[in-house]
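Sequential numbering from 0 applies to the sequence shown in numbering that gives the first Met the number 0. Where a beta carbon is used, it is the ideal one built from N, C-alpha and C, also for glycine. Note that the coordinates shown come from a computational prediction; the quantities given were computed from them, not determined experimentally. A short worksheet on the structure shown next.
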Amino acid sequence: MIRLRRIFLIGLSAVLVMSGTVAASLAQDAPKSPYASDFKGRFSNAWPNTDFSSVEISADEILSGGPPRDGIPSIDDPRFVRLKNGRAGEWASRLRDREPVISIEIAGDARAYPLRILMWHEIVNDEVGSVPVAVTYCPLCNMSIVFDRRMAGQVLEFGTTGLLRHSDLIMYDRQTETWWQQFTGGAIAGSLQGRKLEMVPSRLESFAVFKQRHPSGLVLVPEDPDSRQYGVNPYGGYDSAAAPGFMTGEVNTYPLAAMDRVVVFELDGAPAGVALDYLRTAKRLDVNGVVLEWEPGQASALDARNVADGRDVGNVVVQQRVRNAMIDIPHQVTFAFAYRSFFPAGAIIGMQFNHDEAE
């Protein structure tokens, strides 16, 4: 009897263990999010390797921008020419002084990425100063951000999903097919969901300013100059439109207009913004130790048919004192609708600015 009782107990234990294993397996397979089924229904055919079980946003916020995955091709093997005493040669000689470029400098390695190229490609996977970076630009939000591509022990390579959220670019990485929101750098779907890419300080400045600061810097040039209408703005007049496209709801930017520019940065761990027109008037502001400066000379890439002919929106520098030096910090010059879409309660310094009196 003792032996039979022992066999019975062992068998019962095995059944309980197996039941627990099955239950745990079923729990893992069950959607963790009320939005998961909608995401899987809409996107699983095109994205079979992306895990949508834990998404925390509604699929209704996601819109197609038109092109499919990688329909706007990233630049993965970038080509550069070097300035010589501040003078540009080869294709780079076509760039005019007022044209906007995204500039970064890491360990003495200074590079410029002209928006006349980025608006056709949106992402450049590069390595600067031995740091793997993704240089990104979303024309619909005028959002330029540089990210460190190192994440979870690997180096990611990014492409475009062809999808938008709040009119902002959704990127994906080719290693895990996780979706990344460009505006925040956060993973919104996939195995890396909840992770956040580190932003690298960069500037959106005129080519003339870059040449002056880095007379021997590198300038991105297209692999095939005839493959796109580089220099032509396909979004002519966009930044003076009454409202953006590709939005799924209303956003409150009052008293600023939706397409007014806002300088966005982090202040004491929270997002903060300064109305560009307010900074333009003040020229220099000190916001709790974050110093913002404005000077004229940069063309809007989203105004005239030709990028170089856009109206002057000026150059912005955002820095913070570290020890005895002023150091660039990550910031963006974006539209008010984009800022308030992602940060509805985000402060905007200069909100008292009267839009009717804007130039």
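Name the one or two DSSP bridge partners that residue i has.
i: D327; result: Q318
i: V359; result: This structure cannot speak to residue 359, because the chain is shown only from 0 to 358.
i: K83; result: R86
i: W179; result: M170 and A186
i: T159; result: M170
i: V123; result: I74 and V134
i: D108; result: I105
i: V231; result: N305
i: Q153; result: M150
i: R164; result: I61 and D167
i: D311; result: A298
i: V332; result: V262
Starting from residue i, follow the alpha helix (DSSP H) in both directions and report where the run begins and ends.
i: I116; result: L114 to H120
i: S340; result: A335 to F341
i: A307; result: No alpha helix (DSSP H) holds A307; DSSP gives it neither H nor E.
i: V208; result: F206 to R212
Got a sec, what are the start and stop residues for the beta strand (DSSP E) residue i sits in?
i: V100; result: P99 to I105
i: S36; result: No beta strand (DSSP E) contains S36, which is instead part of the alpha helix (DSSP H) from A35 to F42.
i: S63; result: I61 to S63
i: V360; result: It is not possible to answer for residue 360, since the shown part of the chain is limited to 0 through 358.
i: I348; result: A346 to I348
Near residue i, which residues of its chain fall below 8 Å by C-beta distance, leaving aside the five closest residues on each side in sequence?
i: D76; result: E222
i: G313; result: L275, R279, W293, E294, P295, G296 and Q297
i: G65; result: G161
i: S63; result: G161, L162 and L163
i: K282; result: E292, W293 and E294
i: A242; result: A257, M258 and F336
i: V80; result: A87, G88, E89, W90, A91, L217, V218 and V220
i: T383; result: Since the first residue of the chain shown is 0 and the last is 358, residue 383 is not available in this structure.
i: Q153; result: Q174
i: F348; result: Looking at the sequence shown, residue 348 is not Phe but Ile. A271, G272, V273, A274, Y277, L284 and V286.
What does a CB cutoff of less than 7 Å around residue i pick up in its chain, not counting 5 residues either side in sequence?
i: H330; result: V262, V263, F264 and V317
i: V127; result: I103, I105, D108 and R110
i: A26; result: Bear in mind that a pLDDT of 38 at A26, under 50, signals an unreliable position, so the number given afterwards is only what the model happens to contain. Excluding positions up to five away in sequence, the list is empty.
i: Y338; result: V261, V263, G272 and G345
i: L377; result: A query on residue 377 cannot be resolved here, the shown segment of the chain reaching from 0 to 358 and no further.
i: V306; result: E98, L114, R115, G230, N232, A298 and A300
i: P200; result: D327, I328 and P329
i: A270; result: Checking the displayed sequence, the identity of residue 270 turns out to be Pro instead of Ala. Correct list, in chain order: V263, F342 and G345.
i: G288; result: Q319 and R320
i: Y234; result: P138 and L301
i: Y112; result: V100, I101, V123, V134 and L219
Go through its chain and collect everything with a Cβ distance to residue i's Cβ below 6 Å, but skip five positions before and after it.
i: F38; result: F51, V54 and A58
i: V250; result: F336, R339 and S340
i: L139; result: S166
i: S239; result: none
i: M325; result: Q318
i: W119; result: R227
i: T135; result: I122, I144 and Q181
i: M246; result: S166
i: L117; result: Y136
i: A186; result: T177, W179, Q192 and R194
i: R202; result: S102
i: R95; result: A307
**Message:** Report the start-end ranges of each alpha helix (DSSP H) in the stretch 247 to 297 that is 4 residues or longer and not cut off at the edges.
**Reply:** 275 to 281
**Prompt:** Between the stretch 154 to 161 and the stretch 62 to 75, do three or more beta carbon pairs fall short of 8 Å?
**Reply:** yes
**Asked** Contact between the stretch 120 to 139 and the stretch 44 to 60: three or more CB pairs below 8 Å?
**Response** no
**Request:** Evaluate contact between the stretch 98 to 114 and the stretch 296 to 305, counting only Cβ atoms and requiring at least three cross-stretch pairs below 8 Å.
**Result:** yes
**Message:** Three or more C-beta pairs under 8 Å: does that hold for the stretch 199 to 211 against the stretch 82 to 97?
**Reply:** yes
**Request:** For the stretch 222 to 242 and the stretch 168 to 181, state whether three or more C-beta atom pairs, one from each stretch, are separated by less than 8 Å.
**Result:** no
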